[in-house]
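Q: So the sequence shown is numbered by the numbering used here: it starts at 23 and just counts up by one.
We put the beta carbon where it would ideally sit given N, CA and C, even for glycine.
In this text the structure is predicted, and so the values were computed from the model without any measurement.
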Amino acid sequence: MASIKQFQVTFDCAEPERVARFWCEVLGYVITPPKGFASWADFDRAQPPEDRGTWSACTDPSGVGPRLFFQRVPEGKVVKNRVHLDVRAGAGLAGEERLAALEAECARLVVLGAVRVGLLPADDENQVCIVMQDIEGNEFCLD
Numbered sequence: 023m024a025s026i027k028q029f030q031v032t033f034d035c036a037e038p039e040r041v042a043r044f045w046c047e048v049l050g051y052v053i054t055p056p057k058g059f060a061s062w063a064d065f066d067r068a069q070p071p072e073d074r075g076t077w078s079a080c081t082d083p084s085g086v087g088p089r090l091f092f093q094r095v096p097e098g099k100v101v102k103n104r105v106h107l108d109v110r111a112g113a114g115l116a117g118e119e120r121l122a123a124l125e126a127e128c129a130r131l132v133v134l135g136a137v138r139v140g141l142l143p144a145d146d147e148n149q150v151c152i153v154m155q156d157i158e159g160n161e162f163c164l165d
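1) With DSSP run on the structure shown, which of helix, strand or coil describes Gly140?
2) Taking 7 Å as the threshold (C-beta atoms), are Pro55 and Trp45 in contact?
3) Between Glu127 and Ala111, which are expected to be in contact by the criterion C-beta below 8 Å, what is the C-beta distance as a whole number of angstroms?
4) With C-beta atoms as the reference, is His106 less than 7 Å away from Glu161?
5) Let me know the beta strand (DSSP E) ranges lying completely inside the region 30-97, each 3 residues or longer, listed in chain order.
6) Whole-angstrom Cβ separation of Leu121 and Val31, contact assumed at under 8 Å?
7) In the DSSP output, which residue or residues are listed as bridge partners for Gln17?
8) Does DSSP classify Leu131 as helix, strand or coil?
9) Which first and last residues belong to the beta strand (DSSP E) in which Val109 is found?
10) Out of Val101, Gln149 and Lys102, which one is the CA nearest neighbour of Ala116?
11) Measure the C-alpha to C-alpha separation of Glu147 and Leu49 and round it to an integer number of angstroms.
12) Assuming Ala79 contacts Phe65 under a Cβ cut-off of 8 Å, what Cβ separation, rounded to an integer in Å, is found between them?
13) Going by DSSP in three states, Gly112 sits in which element: helix, strand or coil?
Put into structure tokens, the structure is as follows:
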């Protein structure tokens, strides 16, 4: 049996384009329109009015990271995510140097609209990380 080599991460959200642009800023990704369209605006013009603005997507320009897909859903977020992204802002760092890198990235993301939820201190198995929420309340970690 062949193993799967690619996957995308899908976000349910209220404003797909806004959330996609936020994650582009966080990860250095770029908005990518559907095949056959020059932009999401062109795609939307081809849709019935009730479906316009329903989707957006972004990709890693290096081709390494997964595609992120955003779809509008009618309900808001109610409970904690069962899956979240770990944004690797402190990879390879330890101690005060790691914490300083995480705090700097946290400050940058707060300016973009993210919310700092809390600091998870280091323990015997894990290094320090910062729990955050994106602009629609989806949790993610800076680690």
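A: This is what the structure holds:
1) strand
2) no
3) Rounded, the Cβ-Cβ distance is 4 Å, consistent with contact.
4) yes
5) List check, beta strand (DSSP E) in window: 30-35, 77-81 and 89-94.
6) Not really, about 27 Å apart at Cβ, beyond 8 Å.
7) Absent from the model: residue 17. The displayed extent of the chain is 23 to 165, so no value can be given.
8) helix
9) Leu107 to Val109
10) Gln149
11) 26 Å
12) So it is not a contact: roughly 10 Å between Cβ atoms.
13) coil
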